[in-house]
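Q: Got a structure here, written out as structure tokens. Questions coming.
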Amino acid sequence: MRRRYLAIAALTVLLLCTSSAVAAPGSDDGGGQPLTNGHAYVFTQQQRDNLFWWNGTWMPQTVPNGAHIQVQLPSDPIHWIPDTGPTCQPSPTADLVPTWLLPLRGRVDLYDRSTLPNEGRITGTSTISVFDYHVTGLGITTICLRPDPPATDPELLGFPAGTPPFYVVTVIVGVPQLTVP
Amino acid sequence: MDRRAFLTRLTAAALGGVLLPRSAMAPAADADGDRLRDLPEVRSAGGLLDYRLDMAATQVHVRDRVLTLDTYNGGLPGPILRVRPGDRMRLLLRNRMRPMGIPLNKLPPLCAAHPGDTAGTTGHPHGTLDCVPSAAGNMLRGHTLPQTMIATNIHTHGLQVSPEGVADNVFVRVDPLGSHQYSYDIPADHPAGMHWYHPHFHGSTSHQGWAGLSGPIIVEGDIDQVPEIAEMRERVLVANELWIGDDNGEVPTTLVIPTGGPVPFNGIPAIPSSMYFTINGQLLPEITIRPGETQRWRFLNASPHRALWLHIDEHDLHQIGQDGIPFATPRRRPNLMLTSGNRAEFIVHGGQPGRYRVYAQRYDQGHPGGPVPTSSSPPSSSPARQLLVESRTSWSSRRGCRTCRWPAAAHSLSPATSPGGTASGFDSSSTARNTTWTASTKKSKPARSRNGRSSTRTSSSTPSTSTSTPSKSLTCKGSRPATPPGTRTPRCGGTYSGYLRAAGSRCAPTSGRTRSARPSTTATSFPTRTTA
Numbered sequence: 101m102r103r104r105y106l107a108i109a110a111l112t113v114l115l116l117c118t119s120s121a122v123a124a125p126g127s128d129d130g131g132g133q134p135l136t137n138g139h140a141y142v143f144t145q146q147q148r149d150n151l152f153w154w155n156g157t158w159m160p161q162t163v164p165n166g167a168h169i170q171v172q173l174p175s176d177p178i179h180w181i182p183d184t185g186p187t188c189q190p191s192p193t194a195d196l197v198p199t200w201l202l203p204l205r206g207r208v209d210l211y212d213r214s215t216l217p218n219e220g221r222i223t224g225t226s227t228i229s230v231f232d233y234h235v236t237g238l239g240i241t242t243i244c245l246r247p248d249p250p251a252t253d254p255e256l257l258g259f260p261a262g263t264p265p266f267y268v269v270t271v272i273v274g275v276p277q278l279t280v281p
Numbered sequence: 007m008d009r010r011a012f013l014t015r016l017t018a019a020a021l022g023g024v025l026l027p028r029s030a031m032a033p034a035a036d037a038d039g040d041r042l043r044d045l046p047e048v049r050s051a052g053g054l055l056d057y058r059l060d061m062a063a064t065q066v067h068v069r070d071r072v073l074t075l076d077t078y079n080g081g082l083p084g085p086i087l088r089v090r091p092g093d094r095m096r097l098l099l100r101n102r103m104r105p106m107g108i109p110l111n112k113l114p115p116l117c118a119a120h121p122g123d124t125a126g127t128t129g130h131p132h133g134t135l136d137c138v139p140s141a142a143g144n145m146l147r148g149h150t151l152p153q154t155m156i157a158t159n160i161h162t163h164g165l166q167v168s169p170e171g172v173a174d175n176v177f178v179r180v181d182p183l184g185s186h187q188y189s190y191d192i193p194a195d196h197p198a199g200m201h202w203y204h205p206h207f208h209g210s211t212s213h214q215g216w217a218g219l220s221g222p223i224i225v226e227g228d229i230d231q232v233p234e235i236a237e238m239r240e241r242v243l244v245a246n247e248l249w250i251g252d253d254n255g256e257v258p259t260t261l262v263i264p265t266g267g268p269v270p271f272n273g274i275p276a277i278p279s280s281m282y283f284t285i286n287g288q289l290l291p292e293i294t295i296r297p298g299e300t301q302r303w304r305f306l307n308a309s310p311h312r313a314l315w316l317h318i319d320e321h322d323l324h325q326i327g328q329d330g331i332p333f334a335t336p337r338r339r340p341n342l343m344l345t346s347g348n349r350a351e352f353i354v355h356g357g358q359p360g361r362y363r364v365y366a367q368r369y370d371q372g373h374p375g376g377p378v379p380t381s382s383s384p385p386s387s388s389p390a391r392q393l394l395v396e397s398r399t400s401w402s403s404r405r406g407c408r409t410c411r412w413p414a415a416a417h418s419l420s421p422a423t424s425p426g427g428t429a430s431g432f433d434s435s436s437t438a439r440n441t442t443w444t445a446s447t448k449k450s451k452p453a454r455s456r457n458g459r460s461s462t463r464t465s466s467s468t469p470s471t472s473t474s475t476p477s478k479s480l481t482c483k484g485s486r487p488a489t490p491p492g493t494r495t496p497r498c499g500g501t502y503s504g505y506l507r508a509a510g511s512r513c514a515p516t517s518g519r520t521r522s523a524r525p526s527t528t529a530t531s532f533p534t535r536t537t538a
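Protein sequences, first through last, are from chains S and C. Numbering of the first sequence is given in my numbering, commencing with residue 101 and proceeding in unit increments. Numbering of the second sequence is given in my numbering, commencing with residue 7 and proceeding in unit increments.
As structure tokens, then:
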């Protein structure tokens with residue numbers, strides 16, 4: 101019985117301390133800064149394989165091993181279904197599939213999905229579907245998402261005119277990121 | 007290291023030495039949590055302000071990061087330029103920027119059209135080689151993205167000056183290692199207020215704005231002679247929105263596209279990035295004021311994208327100007343909405359000892375193509391109150407302070423309004439030109455002007471042509487330590503106690519209506535730094 105009282109007392113003290121710490125005036129919450137997207141490489145419908153205005157001269161971008169890739173697509177009423185099957189392949193560039201250049205394949209894992217409000221911003225849609233992936237290894241990796249229900253007009257998906265009515269983005273995984281010194 | 011690598015690095019170092027003379031030498035901005043710093047300033051003399059602005063990369067400390075940003079004269083933001091109506095302002099702009107923030111994780115599409123084009127207008131190349139002449143031509147013309155991002159000019163945002171020739175001509179292009187001599191004739195009837203300068207080369211304006219390239223221009227005039235205002239401690243606050251690549255601490259040189267989530271932009275190629283909102287180059291600075299003290303704040307939102315819904319916990323803002331136009335009478339605001347480029351001038355009256363947040367309340371401002379922001383709209387459905395910008399205002403007590411009491415009905419500041427003008431002093435240039443501030447000829451005791459020098463002031467301001475009721479004056483009492491000529495000091499300067507105390511003495515009004523500052527529920531004690 102005595103131990104139980106001690107445990108209750110300890111728990112009570114812990115809860116009181118916790119709540120007072122949270123409510124302490126002047127506590128520094130960092131002001132919500134900086135605004136960050138969790139060190140994600142963010143891709144949207146404007147950032148995918150071979151957009152029409154790249155005129156076939158695109159190249160997949162590189163990301164490091166273990167990178168967080170986030171895909172954001174306009175949705176509602178359209179829903180997006182991750183496609184991990186054999187139909188998910190890199191788009192050709194200069195009439196070549198990048199896997200010819202780099203036969204290795206990286207690994208991609210979907211680990212989270214969520215939605216963001218987006219009412220009234222992209223015609224025909226009301227939310228943004230967010231898919232979070234981890235990519236690991238070394239080599240080509242492709243992320244594919246298919247609309248449900250399927251559509252033939254990309255503009256019904258909130259996509260730019262002239263783009264395919266589904267989503268494909270290819271990245272090369274395992275390359276350290278460099279910038280101009 | 008092989009010979010090729012050595013020569014490559016040697017060449018890069020040599021180029022960097024030419025193009026980036028300040029990168030390793032520039033002073034760092036203050037760390038966050040420090041007292042708000044005053045920006046350096048230059049002012050006209052004899053009717054002329056002749057000044058040079060060098061744009062070059064500078065290392066800036068923001069919180070625990072070292073950022074490499076292009077700045078004016080090594081400062082984030084740039085120095086304050088003070089002029090008077092009728093002055094001539096000459097600015098020599100020298101571009102010493104170099105390419106930065108270029109992600110090498112993807113080659114640019116060699117033959118890309120403009121993303122705004124449609125599929126039908128771009129056509130398709132018959133082969134990759136078809137694209138080479140186009141790409142080479144863009145490079146020769148300086149139209150590639152990295153070249154565009156370091157081309158620049160200056161826009162004197164808000165100044166009512168010529169938009170042509172060597173004046174406020176936003177079609178001027180100044181490439182790296184180039185320079186341009188600007189000359190602006192400030193009209194003799196230019197309204198007094200806050201404006202600002204920033205790059206406005208079409209194609210790189212936002213990119214350079216995300217580096218914090220901005221600086222205030224203050225036209226001093228009649229409103230500044232109103233004793234109640236001249237007496238106040240003036241603070242110039244510049245809010246910047248820095249978009250920073252996570253890996254290199256530089257503004258991304260990418261094709262920018264909007265995204266969802268906390269960071270509303272990303273690029274092609276995609277890179278992890280963050281956004282910082284700084285005040286005078288500092289994160290979460292502390293702003294000090296004394297109980298009962300009134301301070302004049304000139305606030306500039308230099309964010310390229312973000313509108314700021316400005317609040318101070320438990321304090322109203324008494325606005326006296328907007329976008330460089332003085333108001334006829336102060337307007338009491340619970341908060342202020344400042345979209346990109348907006349300036350607001352307002353008076354803050356220190357309340358009870360305590361610690362209060364100065365912040366931009368989160369709301370849904372939409373995105374390109376989204377809803378127009380409005381201050382009357384409720385916050386977004388996401389967490390009720392999140393902070394985009396926060397600094398802290400601390401009230402302190404000390405002895406010997408000099409206190410200016412706010413007038414009973416806040417009507418002592420009266421403009422002279424000529425026919426055709428309005429008392430609002432807002433909305434249009436013509437209105438602004440018609441609104442002037444005058445002071446009565448009633449002499450009072452000598453007092454210090456803003457820069458600390460003694461001058462003869464008037465005790466009240468009255469309209470010269472309007473028929474409004476003669477104003478009530480602000481009253482001041484107390485003593486102020488002697489200040490060397492030319493030294494800029496707070497209106498109630500002095501030393502602070504080591505800790506704030508809720509029961510400490512305050513700069514109390516001498517009579518009349520007491521301001522409605524509510525007792526702080528967050529009164530606490532925390533260490534403060536000594537004042538200058």
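No residue lacks a Cβ here, since even glycine has one placed at the ideal position from N, Cα and C. On a predicted model such as this, the values are computed, not experimentally measured, just so you know.
Need the endpoints of the beta strand (DSSP E) that S:Ala-167 sits in, please.
A: Going by DSSP, S:Ala-167 is part of the beta strand (DSSP E) stretching over 167-175.
Q: Indicate whether at least one CB of chain C lies closer than 7 Å to the CB of S:Ile-240.
A: no
Q: Roughly how many angstroms separate the alpha carbons of C:Gln-166 and C:Arg-339, rounded to a whole number?
A: Approximately 27 Å between the Cα atoms of the pair.
Q: Report whether the distance from the Cβ of S:Ala-261 to the nearest heavy atom of the ligand FMN is below 6 Å.
A: Among the components modelled here there is no ligand, and therefore nothing to report on the ligand FMN.
Q: Given this structure, state the Cα-to-Cα distance separating C:Glu-234 from C:Arg-241, to the nearest angstrom.
A: 15 Å
Q: Nearest to C:Asn-348 by alpha carbon, out of C:Gly-81, C:Met-61, C:Met-145 and C:Gly-164?
A: C:Gly-164
Q: Examine chain S for any beta-carbon lying closer than 7 Å to the beta-carbon of C:Asn-111, and answer yes or no.
A: yes
Q: Under 7 Å between the Cβ atoms of C:Ile-277 and C:Pro-109?
A: yes
Q: Could you check whether the Cβ of C:Met-103 sits closer than 7 Å to any Cβ belonging to chain S?
A: no
Q: Determine whether the Cβ of S:Gly-126 lies closer than 7 Å to any Cβ atom of chain C.
A: Low per-residue confidence applies at S:Gly-126: pLDDT is 38, beneath 50, and the placement is therefore not dependable enough to give any value.
Q: May I have the straight-line CA-CA distance separating C:Gly-52 from C:Ser-189, to the nearest angstrom?
A: 16 Å
Q: Per DSSP, which residues does S:Cys-244 bridge with? Please list them.
A: S:Asp-183 and S:Val-268
Q: Under 7 Å between beta-carbons, which chain C residues line up against S:Pro-134? List them in chain order, please.
A: Ser-280, Met-281 and Tyr-282
Q: Who does C:His-201 pair with in a DSSP beta bridge?
A: C:Ile-223
Q: How long is the line joining the alpha carbons of S:Gly-131 and C:Gly-215, rounded to whole angstroms?
A: 22 Å
Q: Look up C:Gly-215 in the DSSP assignment and say whether it is helix, strand or coil.
A: helix
Q: Output the boundary residues of the beta strand (DSSP E) element that contains S:Ser-229.
A: For S:Ser-229, the enclosing beta strand (DSSP E) starts and ends at 227-236.
Q: Comparing the C-beta of S:Leu-75 with each C-beta of chain C, is any distance below 7 Å?
A: Because chain S in this structure spans residues 101 to 281, residue 75 of chain S falls outside the shown range and cannot be described.
Q: Please work out which residues of its chain come closer than 7 Å, Cβ to Cβ, to S:Phe-152, disregarding the five sequence neighbours upstream and downstream, and give them in chain order.
A: Excluding its 5 nearest sequence neighbours in each direction, S:Phe-152 has C-beta neighbours in its own chain below 7 Å: Gly-262 and Thr-263, listed in chain order.
Q: Who are C:Arg-100's beta bridge partners in DSSP?
A: C:Asp-60 and C:Ser-185
Q: Between S:Phe-143 and chain C, is any beta-carbon pair separated by less than 7 Å?
A: yes
Q: Are at least three pairs of beta-carbons, each pair with one atom in the region 326-339 of chain C and one in the region 262-274 of chain C, less than 8 Å apart?
A: Here the region 326-339 of chain C does not lie against the region 262-274 of chain C, with fewer than 3 beta-carbon pairs under 8 Å apart.
Q: List the residues of chain C that S:Thr-162 touches, going by C-beta distances under 9 Å, in chain order.
A: Leu-110, Asn-111, Lys-112 and Pro-275
Q: Quick one: Cα of S:Leu-216 to Cα of C:Glu-292, how far?
A: Answer to the nearest angstrom: the Cα atoms are 34 Å apart.
Q: Quick check: is the beta carbon of C:Asp-252 nearer than 7 Å to any beta carbon in chain S?
A: It does; some Cβ of chain S falls within 7 Å.
Q: Using a Cβ-Cβ cutoff of less than 6 Å, which residues in the same chain neighbour C:Thr-284 once the five nearest sequence positions on both sides are dropped?
A: Asn-246
Q: I'd like the span of the alpha helix (DSSP H) that includes C:Asn-341, first residue to last.
A: Unbroken run through C:Asn-341: none, as it is neither H nor E.
Q: Mind listing the chain S neighbours of C:Val-138? Cutoff is C-beta to C-beta under 7 Å, in chain order.
A: Under the 7 Å cutoff, chain S gives no residues; its nearest Cβ is about 10 Å from C:Val-138.
Q: Mind the definition here: the region 255-262 of chain C touches the region 312-331 of chain C only if three or more C-beta pairs lie below 8 Å; say whether that holds.
A: Not touching, per the Cβ criterion.
Q: Does DSSP put S:Leu-204 in a helix, a strand or coil?
A: Of the three classes helix, strand and coil, the one that applies to S:Leu-204 here is coil, per DSSP.
Q: Taking only beta-carbon atoms, is C:Ala-118 less than 7 Å away from chain S?
A: In terms of beta-carbon proximity, C:Ala-118 lines the interface with chain S, with at least one pair separated by less than 7 Å.
Q: Tell whether a beta-carbon distance below 7 Å holds between S:Ile-147 and S:Val-271.
A: Residue 147 of chain S is actually Gln in this sequence, not Ile. Taking 7 Å as the Cβ cut-off, S:Gln-147 and S:Val-271 do not qualify as a contacting pair.
Q: Output, in chain order, the set of chain S residues within a Cβ distance shorter than 7 Å of C:Asn-272.
A: Val-142
Q: Is there contact here, the region 167-187 of chain S with the region 302-314 of chain C, by at least three beta-carbon pairs under 8 Å?
A: no
Q: Can you tell me the Cα-Cα spacing of C:Val-180 and S:Gly-224, whole angstroms?
A: 43 Å
Q: Nearest-angstrom Cα distance between C:Trp-249 and S:Tyr-141?
A: 15 Å
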